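A short worksheet on the structure shown next.
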Amino acid sequence: MKVIASHNALNAAAKARELLLAGARPLDACVAGVTLVEDDPLEHSVGYGGIPNEDGIVELDAGVMDGKTRRGAGVAALRNVRHPSQVARLLLAQTHRVLLAGEGALQFARANGFVEENLLTDTARRIWLHWKRIRSNIDDWREPPAEDVEADVAAWFASYRSPHAPREGHISRSEMPTIGTVHVAALDDRGDLACCTSTSGHAFKIAGRVGDSPILGAGLFADNEAGTCGSLGHGEANLENLSSFAAVELMREGRSPEESGLAILRRIAARAHPEQKDAQGRPRFNLWLYLLAPDGRHAGVTLWGPKQFALADKQGVRLETCVALFPGPPPTQPENPDC
Ligand code: ASP
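Going by the numbering used here, the first residue of the sequence shown is number 3, and it counts up by one from there.
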């Protein structure tokens with residue numbers, strides 16, 4: 003039995019572990035763990051309390067995949083429902099469909115009795131409003147004097163805004179930070195694998211933008227015969243490289259989780275687009291992969307360190323250190339283990 007999860011999911015790993023020990027199916031254990039993170043208003047990259055899109059509306063993506071049946075499902079750009087992972091889980095259980103987006107995803111959630119609520123917390127709203135005021139010097143908004151910026155808003159921007167943002171008050175697209183996601187994967191004593199990824203996506207994304215998290219093969223993939231992989235970070239890189247699928251395929255060929263993850267990160271680094279690279283040709287975005295093999299071997303790998311991930315097994319729950327392709331931190335972002 004083993005659970006691997008992103009750094010922000012220690013409690014989720016503990017929950018999944020507890021459920022696996024009680025005999026739960028791996029997919030149910032993963033979703034129960036992710037649910038805890040979706041409920042946390044202080045986790046600004048997932049579920050309730052997530053940072054909204056550019057219009058100030060929280061839109062959530064989530065995916066689930068069962069390695070035994072090799073069936074998965076995702077919901078994308080889902081509004082007003084704080085548990086997209088549970089909606090994706092039900093989509094898998096109740097239908098033949100693999101992906102629902104926007105209004106259709108919301109209707110499906112409604113049909114299943116999910117409560118609708120405003121997911122925008124006061125802190126997330128003020129972070130969004132501050133972003134509107136600082137993002138450009140050619141619109142109607144005035145940048146607030148530094149002393150007027152509330153501490154929680156300042157703390158969020160200090161952690162996530164590039165120190166190299168141009169002085170005029172613009173944050174260039176290639177330097178926009180990614181803000182996180184949650185991923186949990188589980189292996190039970192029967193040898194069954196499953197995983198789940200959930201996110202509010204990139205901060206201030208264009209409305210309707212769908213990231214990698216609900217897309218099978220991009221933000222997650224599971225196959226009992228080969229392993230699981232899930233990811234956090236710059237979703238477009240995962241979408242362009244189908245990273246999770248590619249990493250699982252390398253494990254299928256016999257490579258270890260660490261070798262497989264690093265090989266995919268090397269490929270992504272080499273393929274990064276010119277505007278995404280620093281002076282040494284390294285990607286300025288970050289990406290993390292969490293891999294679990296059918297025999298229980300695991301790895302957390304990152305483009306840029308330092309970074310940790312959560313692990314749970316029969317011994318207990320702990321944080322371990324990711325293997326980094328580049329020592330880091332990323333050239334355009336401040337050192338931030340949560341990023
Ligand atoms: N991968 C997520 C997305 O692109 C965001 C993140 O993990 O930072 O939506």
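All C-beta atoms, glycine included, are put in the ideal place defined by N, C-alpha and C. Note that this is a predicted model, so its numbers are computed, not measured.
Measuring only from the beta carbon, is residue i closer than 7 Å to any heavy atom that is part of the ligand ASP?
| i | result |
| --- | --- |
| Ala47 | It is worth fixing the name first, because residue 47 is Ser in this sequence and not Ala. Yes, the beta carbon of Ser47 sits closer than 7 Å to at least one heavy atom of the ligand ASP. |
| Ser215 | yes |
| His236 | yes |
| Gly182 | yes |
| His204 | yes |
| Asp141 | no |
| Gly65 | no |
| Gly221 | yes |
| Thr97 | no |
| Glu201 | The question names Glu, yet the displayed sequence has Thr at residue 201. Correct: Thr201 has its Cβ closer than 7 Å to the ligand ASP. |
For residue i, count neighbouring C-beta atoms within 10 Å of its own C-beta (all shown protein chains included) and say buried if the count is 16 or more, exposed if not.
| i | result |
| --- | --- |
| Lys316 | exposed |
| Asp154 | exposed |
| Gly235 | buried |
| Ala14 | buried |
| Asp63 | buried |
| Ala113 | exposed |
| Asp348 | No statement about residue 348 is possible, as the shown extent of the chain runs from 3 to 341 and does not include it. |
| Ala156 | exposed |
| His98 | exposed |
| Glu45 | buried |
| Pro276 | exposed |
| Arg286 | buried |
| Ile140 | exposed |
| Arg19 | buried |
What does residue i pair with, by DSSP beta-bridge criteria?
| i | result |
| --- | --- |
| Val66 | Ala75 and Cys198 |
| Gln310 | Thr323 |
| Leu101 | Gly76 |
| Thr230 | Ala224 and Leu294 |
| Leu374 | This structure cannot settle anything about residue 374, because the visible part of the chain is limited to 3 through 341. |
| Lys279 | Pro285 |
| Ala187 | Ile6 and Cys197 |
| Gly210 | Answer by DSSP bridge pairing: none, since Gly210 is not bridged. |
| His300 | Leu294 |
| Phe328 | Trp306 |
Flag this pair as yes or no: are the beta carbons of residue i and residue j separated by less than 8 Å?
| i | j | result |
| --- | --- | --- |
| Ser262 | Gly65 | no |
| Gly283 | Gly307 | no |
| Pro28 | Asp297 | no |
| Ser245 | Ile270 | yes |
| Ile6 | Leu291 | no |
| Cys231 | Ala220 | no |
| His300 | Leu289 | no |
| Val266 | Leu241 | According to the sequence as given, residue 266 is Ile; it is not Val. No. |
| Thr201 | Ser47 | yes |
| Cys32 | Ala228 | no |
| Cys198 | Val186 | yes |
| Asn226 | Lys70 | yes |
| His132 | Val117 | no |
Quick check: is any heavy atom of the ligand FMN less than 7 Å from the C-beta of residue i?
| i | result |
| --- | --- |
| Asp42 | For the ligand FMN, the structure offers nothing, since it holds only the ligand ASP. |
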